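Structure first, then comments.
In the UniProt record's numbering, the protein residues as written are 1 to 621.
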């Protein structure tokens, strides 16, 4: 098809002048809580830093033509023609998925230097439809490489050539595996340059962890939660039998459907899946449905030229304004296999829009006894997980309430959000050094709605020992006077725990404070990664607010540990200060109080005194 192959992107010089010299190693810690502020001295430092940064950016742009560009970045632009559209004159999501997969694969192969295959795709939320005559702009780049797999970030936008308007369509993360026939692939690491690249590189490890835990998350929810439904109370005469929506279709994999190694394109399989899912959804609503979400899925095995792919789809459940369609793909070779190979399964959410683009009310579905009822109830569980994942993982940090309710169905995503929020704070490149006392450094950052502070110190302790000692919040009252007492409420798993913390009153407040805190810890994913302890507030029904305490909250705080040498660790503490701590934080930032410094030195002494005295429960990490 003309225009279906993107032109290779021009590689520009990957190096860009450094914005600032790296700060010398130092020291840090503090207390929990987020904030906003403003001081003339810090402001002037930040403005002068910004001016220098902008000047260096301008110099880099002149030296490199267009400036820095990620060496793995690939761009594709496609004009939407009538042959690409559905019955509404909008770009078929199946065609879009093929373009997305092609662009992402080219980016992965540019980094790997060898053929790559699609391993998985994270949730995709389609925010905008694309009409015939508009342009689709797709950009993909490798966020991080692991051993033989890599995460590719994809951004999709649409453009109206007449009005010059542009819309965000979706954002996706795909995992690709480098593949050679005769040798094992060991991928080189990516080197992030910009703040955005450093953030994506850091958080990619958390997304990878969440993917690996995804199947267990579904199983645990279905096993431990009661899925309520009202099947018995519904009027069966107004329900559509699920069997009426069943679709089965077969596709023969031909050379145009596969890469140069004969493996079927993942995007082509996704397009075929979207086709049968759309037919199943149409049979329920008797209208033209719109695909809104594709749930995270994995390719379980390869498919090659000559395979017959059997695609099956059925509506699992219909809610008031949306329906879930399950799709299964199996492969076989004519006369060569006695059993079909399971290639992939996915769940897609559709809506039906009226003339005003508002979702219509859908008819109820009547599942078949047995497996049909099981799929019906599982769809309800997946809907809850989708809402949790979209709410906690996909939204901006500033749009979240400080304390999020904790329950077993969202624990993986809250843990992800906890760690990734801290990693994003760490990778900010506009921290300003406010003070330094005896090699203890205090940095500040005014960003969006928050004032954040960051303290650093060097300690003569092995990195793993410092990490294990500070992971145990039960021992924090030994060095931090802001922790009067700590109770372990729930040991969620090996890496996550929930604590109830009592803190003394601050300033003129008559009541002491209490916190319910989720502590999430992570070991390094690769060399150069820090050990991480992330802290944020959650709510538990077993620990409601009480008159005896004023409930405090922390949005994003925690520790990072970097190995600087034998028996030498850089300990860094980060905190986004909440309004309740604003006066306390700004007093320390302005140099009117030395409590931050005193707390840091107490932490250092605690680490030195206990570096050979680790709790047995933590030594097994």
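C-beta atoms are modelled at their ideal positions from N, C-alpha and C, and glycine is treated no differently.
These numbers were taken from a predicted model, which means no experiment stands behind them.
- Note that the C-beta distance between residue 97 and residue 318 is not below 8 Å.
- The residues 463 and 569, in chain order, have a CB closer than 7 Å to that of residue 563 in the same chain once the five nearest residues on each side in sequence are set aside.
- Between residue 154 and residue 140, the C-beta gap is smaller than 8 Å, which places the two residues in contact.
- The region 332 to 348 makes contact with the region 255 to 273: 3 or more CB pairs, one atom from each, lie closer than 8 Å.
- Non-local beta-carbon contacts of residue 177 in its own chain, meaning distances under 7 Å to residues more than five positions away in sequence, involve 116, 117, 119, 148 and 149 in chain order.
- Within the same chain, Cβ atoms closer than 7 Å to the Cβ of residue 281 are found at 289, 315, 323, 325 and 350, the five residues on either side in sequence being excluded.
- Going by beta carbons, residue 158 and residue 132 fall outside the 8 Å limit.
- In this structure, the alpha-carbon of residue 162 lies about 23 Å from that of residue 93.
- Boundaries of the alpha helix (DSSP H) around residue 272: 266 to 285.
- Contiguous beta strand (DSSP E) elements confined to the UniProt domain "HotDog ACOT-type" (70 to 182) occur at 74 to 79, 116 to 121, 135 to 145, 149 to 159 and 166 to 178, taking only those with 3 or more residues.
- Excluding its 5 nearest sequence neighbours in each direction, residue 70 has C-beta neighbours in its own chain below 6 Å: 141, listed in chain order.
- Judged by pairs of C-beta atoms under 8 Å, the region 441 to 451 does not touch the region 471 to 482, as fewer than three such pairs exist.
- Residue 449 carries a coil assignment under DSSP once its states are collapsed to helix, strand and coil.
- Each residue's CA atom was taken as its position, placing residue 166 and residue 85 some 19 Å apart.
- When rounded, the separation of the alpha-carbon atoms in residue 255 and residue 264 is 8 Å.
- The C-beta distance from residue 205 to residue 104 rounds to 19 Å, too long to meet the 8 Å contact threshold.
- Under a 10 Å Cβ-count criterion, residue 451 is classified as buried, with 16 or more other Cβ atoms of the shown protein chains found around its own Cβ.
- Relative to the Cα of residue 333, the nearest Cα in the group 305, 124, 321 and 415 belongs to 305.
- The three-state secondary structure of residue 514, taken from DSSP, is strand.
- Across the structure, residue 609 and residue 487 are spaced so that their CA atoms are roughly 23 Å apart.
- Counting along the chain, residue 473 sits inside no beta strand (DSSP E), nor does DSSP assign it H or E at all.
- Boundaries around residue 604 are those of the alpha helix (DSSP H), 595 to 609, since no beta strand (DSSP E) includes it.
- Taking C-beta separations shorter than 6 Å and ignoring five residues to either side along the sequence, the partners of residue 423 in its chain run 202 and 203, following chain order.
- For residue 332, the enclosing beta strand (DSSP E) has its first and last residue at 323 to 332.
- The residue among 552, 479, 577 and 459 with its C-alpha nearest the C-alpha of residue 561 is 459.
- Residue 597 places its beta carbon 8 Å or farther from that of residue 419.
- The region 503 to 512 makes no contact with the region 425 to 438; the number of CB pairs closer than 8 Å stays below 3.
- The beta carbons of residue 484 and residue 502 sit closer together than 8 Å.
- Secondary structure of residue 486 (DSSP, three-state): strand.
- Each of 358, 530 and 111 was checked against the Cα of residue 521, and the nearest Cα belongs to 530.
- In the structure shown, the three-state DSSP call for residue 319 is coil.
- The beta-carbon separation of residue 108 and residue 152, rounded to 5 Å, stays under the 8 Å limit for a contact.
- DSSP lists 121 as the bridge partner or partners of residue 297.
- Take residue 405, set aside five residues on each side of it, and the residues of its chain with a beta-carbon closer than 6 Å to its own are 539, in chain order.
- Non-local beta-carbon contacts of residue 300 in its own chain, meaning distances under 7 Å to residues more than five positions away in sequence, involve 342, 343 and 344 in chain order.
- Distance from residue 599 to residue 480 at the Cβ level is roughly 6 Å; contact confirmed, criterion being Cβ atoms closer than 8 Å.
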